[in-house]
Amino acid sequence: MTLDTDQTVTGYKQFVQTIQADKFLKTDGTANQLLLANGETSDIGDFLPKNFPHALGQMIIEPDSDIRNQGLRLMKNKANWDSFVLTGCNTDPTNTDGVWKMGSTSSQFRIQKQEDQAYDYKGLIIDFDCTSLKFNNQLVSPLPTPSTEQAIKQSLVRGMYESFAWGQVTTYNGRGYISMQVTHSNPNTSSSSTYTLFSIFKDEAKPQFTGATFTIALNAVMYVTKQSTNPILWTNAIPIDCYIDVDSHIRINTICQLPLPNDFCVQVCDSYALHNQSPVN
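In structure tokens form, the structure reads like this:
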């Protein structure tokens, strides 16, 4: 071997000391290959992810060029805690068609379409403390339930002419249960507008709706004759229709409130779903 002279080396040569050079060139080598110590070569795309994954901002696992065999993309944002696995990817990272994104941020674990990544409420979301699960910003778990029945009863609001004779409102297993007797006394009762018996100001007991809201019918009986000073003893029962709306107002249906007497008693005994799907037209 002669220094400062271009030479072609053939055969097997063994060096017992360190070799220093500006570059080593392999015959027919390419810019995408690494020359390994055993003389073999490895594609950079195969070598770095396997041996130095931290060196990559993202890694693409692409089975082949067939669009039916789209691959995976592993992403890690070094500026924050975000890290994701993307499925259905191709070689163009800007093509989000059909790509699903799964991973974690500093505040949540998220599964969503990549095209929705700008919206942190879309898709399936688990919060940082792993205590709640939401789908498209709708609470899935845990189902909201009050700690005690008394907590709901203290959140019932009535008008100045109504009083609660007995009863309660409770929630259990995705439903609200109403068993209430409400008495009314007003010498100037007017039935010109929707009449509200009472309202529930407890979010856990309010009906929730997916899509358009609607009223939920409740069975009720009106008593129009008071028999004594006992607040619960009324006669002359008339079946009527009540409903609960999206704001948790329990109201007498318009067709049942003409004419309303000055003194009456309404017993509401029914249940309603807390989570409701709007009907399809």
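Going by UniProt numbering, 70 is the number at position 70 of the sequence shown; the sequence numbering is gapless.
Ideal Cβ placement from N, Cα and C applies to all residues, glycine included.
Since we're looking at a predicted model, the values are computed, not measured.
Bounding residues of the beta strand (DSSP E) (the contiguous stretch that carries residue i)
i, result
"residue 339", "The chain is shown from 1 up to 281; residue 339 falls before or after that span and cannot be answered."
"Tyr-172", "162-172"
"Gly-71", "71-76"
"Val-140", "138-141"
"Lys-226", "216-226"
"Gln-112", "108-113"
"Gln-208", "208-210"
"Tyr-177", "175-185"
"Trp-100", "100-104"
"Leu-197", "195-200"
"Val-268", "263-273"
"Gly-29", "Careful: Gly-29 lies outside any beta strand (DSSP E) and carries neither H nor E."
Best match in the options for proximity to residue i [C-alpha to C-alpha]
i, options, result
"Ile-232", "Ile-252, Asn-38, Asp-263, Cys-89", "Asp-263"
"Asp-247", "Glu-204, Tyr-172, Leu-35, Phe-24", "Glu-204"
"Ala-79", "Thr-87, Ser-106, Gln-7", "Ser-106"
"Leu-72", "Asp-92, Arg-251, Leu-36", "Asp-92"
"Asp-4", "Asn-173, Lys-13, Ala-21", "Ala-21"
"Gly-159", "Thr-229, Ile-250, Ser-132, Val-9", "Ile-250"
"Ser-155", "Ser-141, Tyr-161, Thr-170", "Thr-170"
Pairwise C-alpha distance: residue j and residue i
i, j, result
"Asp-97", "Glu-115", "7 Å"
"Asn-90", "Asp-270", "55 Å"
"Pro-146", "Arg-110", "Its pLDDT being 48, under 50, Pro-146 is placed unreliably by the model, and the measurement read from it follows with that caveat. Each residue's Cα considered, the two are about 28 Å apart."
"Thr-148", "Met-180", "Residue confidence is low: Thr-148 scores 45 on pLDDT, short of 50, so the model does not pin down where it sits. Its coordinate-derived value is still stated next. C-alpha separation (whole angstroms): 17 Å."
"Thr-254", "Tyr-243", "10 Å"
"Thr-210", "Ala-273", "12 Å"
"Asp-43", "Leu-74", "19 Å"
"Leu-56", "Ile-178", "For Leu-56, the predicted model reports a pLDDT of 49, less than 50, meaning its position is unreliable; a value from the coordinates is still stated below. Rounded to the nearest angstrom, the two C-alpha atoms are 60 Å apart."
"Gln-227", "Leu-218", "26 Å"
"Ile-19", "Ser-83", "42 Å"
"Gln-267", "Gln-208", "24 Å"
"Asp-245", "Thr-215", "5 Å"
"Met-222", "Cys-265", "6 Å"
"Tyr-12", "Thr-27", "15 Å"
Counted within 10 angstroms of its Cβ, other Cβ atoms place residue i as buried (16 or more) or exposed
i, result
"Ala-151", "Note that Ala-151 scores 47 on pLDDT, short of 50, meaning its location in the model is unreliable and no value can be drawn from it."
"Val-157", "exposed"
"Lys-206", "buried"
"Val-182", "buried"
"Leu-86", "buried"
"Gln-112", "buried"
"Tyr-212", "Checking the displayed sequence, the identity of residue 212 turns out to be Ala instead of Tyr. Looking at its Cβ environment, which holds fewer than 16 other Cβ atoms inside 10 Å, Ala-212 is exposed."
"residue 283", "Residue coverage of the chain in this structure runs from 1 to 281, which leaves residue 283 outside it and unanswerable."
"Ala-31", "exposed"
"Gly-174", "exposed"
"Lys-23", "exposed"
"Gly-176", "buried"
"residue 296", "Outside the shown range of the chain (1 to 281) lies residue 296, about which nothing can therefore be said."
Review point. Three or more beta-carbon pairs under 8 Å between the segment 224-242 and the segment 198-211, yes or no?
Key: no
Review point. Per the contact definition of three or more C-beta pairs closer than 8 Å, is the segment 113-132 in contact with the segment 162-169?
Key: no
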